[in-house]
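> In this note's numbering, the protein residues as written are 475 to 692. Even glycine gets a Cβ: it sits at the ideal position worked out from N, Cα and C. In this text, all values refer to a predicted model and were calculated from it rather than measured experimentally. Dumping the structure here so I can ask a few things about it.
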Amino acid sequence: MKILAYTMAFSVLAAASKAEEEWVSIFDGETLKGWTNSNGGEVKEGGWLAKDGVLYRKAKGGDLYTAKEYADFEFRWEWKISSKGNSGVKYRVTKYGSTNLGPEYQVLDDAHPDGAKIKKRQASSLYDFLAPNDKKKLNPVGEWNSSRVVAKGKHLKHYLNGELVVEIVVGSDRWKEAHKQSKFKSKENFAHNQSGRIFLQDHNDKVWYRKLEIKEIK
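Encoded structure:
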């Protein structure tokens with residue numbers, strides 16, 4: 475029995491270790507390697523700073539894009555933001571005319587006017603589509619929050635500090651109604667594409683990101 479118990483415990487640990495190995499860091503903690511500007515070019519120095527494992531938006535530097543496109547994935551990261559600050563993580567980004575757009579995980583101090591007035595623009599929302607549910611627990615300004623996006627096919631999920639706060643299926647009746655009420659209503663097929671780059675939004679406020687890791691779903 476002891477041998478069986480040890481074998482089972484080892485198998486569980488091995489499976490957990492393998493699952494963690496599937497996560498890939500997309501930020502090396504010290505440089506902007508693997509990140510580009512909106513045109514795929516080199517990021518200008520001075521706006522975004524990479525140091526000691528933290529990616530910090532200090533001054534205007536433009537949105538920060540992954541060099542790689544992702545289709546189905548889980549993406550997790552930690553963030554904190556300045557008082558009344560605004561940023562966001564957009565994913566499956568593609569061009570709509572001359573503008574790069576995609577579903578957005580809102581990164582915000584909810585005291586910001588957007589969050590204070592409109593729930594579907596608060597932190598962890600699917601920006602301007604769907605407000606987070608009552609499980610949302612946002613840490614105070616200056617403290618780190620843990621976030622995760624799961625995008626699999628047309629199914630989108632947002633997590634904040636371990637809780638599932640947003641879930642929706644692109645193209646569903648619920649989606650269609652939310653789309654009609656959103657600022658993206660003129661974009662007929664908004665978010666129907668199922669791959670694209672990820673970008674961190676420069677919204678003219680100080681924001682910090684760390685532990686940015688992705689696991690592609692095959």
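In terms of alpha-carbon separation, which member of V581, R566, T540 and Q596 lies closest to I555?
Indexing the sequence shown from 1 puts residue 555 at position 81. Ranking the options by Cα distance to I555, first place goes to V581.
> Mapping the DSSP letters down to three states, classify K661 as helix, strand or coil.
Start at 1 with the first residue of the sequence shown, and residue 661 comes out as number 187. If DSSP states are grouped into helix, strand and coil, K661 belongs with coil.
> Give me the Cα-Cα distance between P606 and L630, rounded to the nearest whole angstrom.
The count along the sequence shown starts at 1 and reaches residue 606 at position 132. The count along the sequence shown starts at 1 and reaches residue 630 at position 156. Going from the Cα of P606 to the Cα of L630 covers about 13 Å.
> Can you tell me whether A541 is helix, strand or coil according to DSSP?
Mapped onto the sequence shown, residue 541 falls at position 67. Note: A541 maps to coil in three-state DSSP.
> Taking only the alpha-carbon atoms, compute the straight-line gap between L523 and E552 and give it to the nearest angstrom.
Position 49 of the sequence shown, counted from the start, is the residue given in the question as residue 523. Position 78 of the sequence shown, counted from the start, is the residue given in the question as residue 552. When rounded, the distance between both Cα atoms is 16 Å.
> What's the call for V644, buried or exposed, on a 16-neighbour Cβ count within 10 Å?
By one-based count along the sequence shown, residue 644 stands at place 170. V644 should be labelled buried.
> Of the residues K657, E690, I672 and D647, which one's Cα is nearest the Cα of T568?
Start at 1 with the first residue of the sequence shown, and residue 568 comes out as number 94. Of the listed residues, the one whose Cα sits closest to T568 is I672.
> From A597 to L612, what distance separates their C-alpha atoms?
What you label residue 597 is simply residue 123 of the sequence shown in a count that begins at 1. What you label residue 612 is simply residue 138 of the sequence shown in a count that begins at 1. So the two alpha carbons sit approximately 8 Å from each other.
> When you compare only the Cα positions, how much space is there between T540 and A625?
In the sequence shown, the residue the question calls residue 540 occupies position 66. In the sequence shown, the residue the question calls residue 625 occupies position 151. About 16 Å.
> To the nearest whole angstrom, what separates the beta carbons of G670 and E543, a pair I think is in contact under 8 Å?
The residue you call residue 670 lines up with position 196 of the sequence shown. The residue you call residue 543 lines up with position 69 of the sequence shown. At roughly 6 Å, the Cβ-Cβ gap stays under 8 Å, so G670 and E543 are in contact.
> Based on Cα-Cα distance, which residue from Y633, D546, K591 and W649 lies nearest to S599?
On the sequence shown, residue 599 is found 125 positions in, with the first residue counted as 1. Closest by alpha carbon: Y633.
> Run the CB neighbour count on S621, radius 10 Å, all protein chains shown included, and call it buried at 16 or more, exposed below.
In the sequence shown, residue 621 corresponds to position 147, counting from 1. It counts as buried.
> For N560, write down the residues that DSSP places opposite it in a beta bridge.
Here the question's residue 560 lines up with position 86 in the sequence shown. Answer by DSSP bridge pairing, in chain order: L582.
> Does DSSP put K689 in a helix, a strand or coil?
Counting from one through the sequence shown, the residue named residue 689 turns up at place 215. Residue state, collapsed to three classes: strand.
> Might you give, ordered along the chain, the residues of its own chain that have their beta carbon closer than 8 Å to the beta carbon of A490, omitting 5 neighbours on each side?
Looking up residue 490 in the sequence shown gives position 16. Summary for A490: the model assigns pLDDT 45, below 50, so the residue's position carries little reliability, and this model does not support an answer.
> I need the DSSP call for G535, collapsed to helix, strand or coil.
Along the sequence shown, read from residue 1 onward, the residue named residue 535 stands at position 61. Coil, per DSSP.
> For the beta strand (DSSP E) that H632 lies in, which residues bound it at each end?
Within the sequence shown, numbered from 1, the residue matching residue 632 stands at position 158. From DSSP, the beta strand (DSSP E) with H632 extends over H629 to L634.
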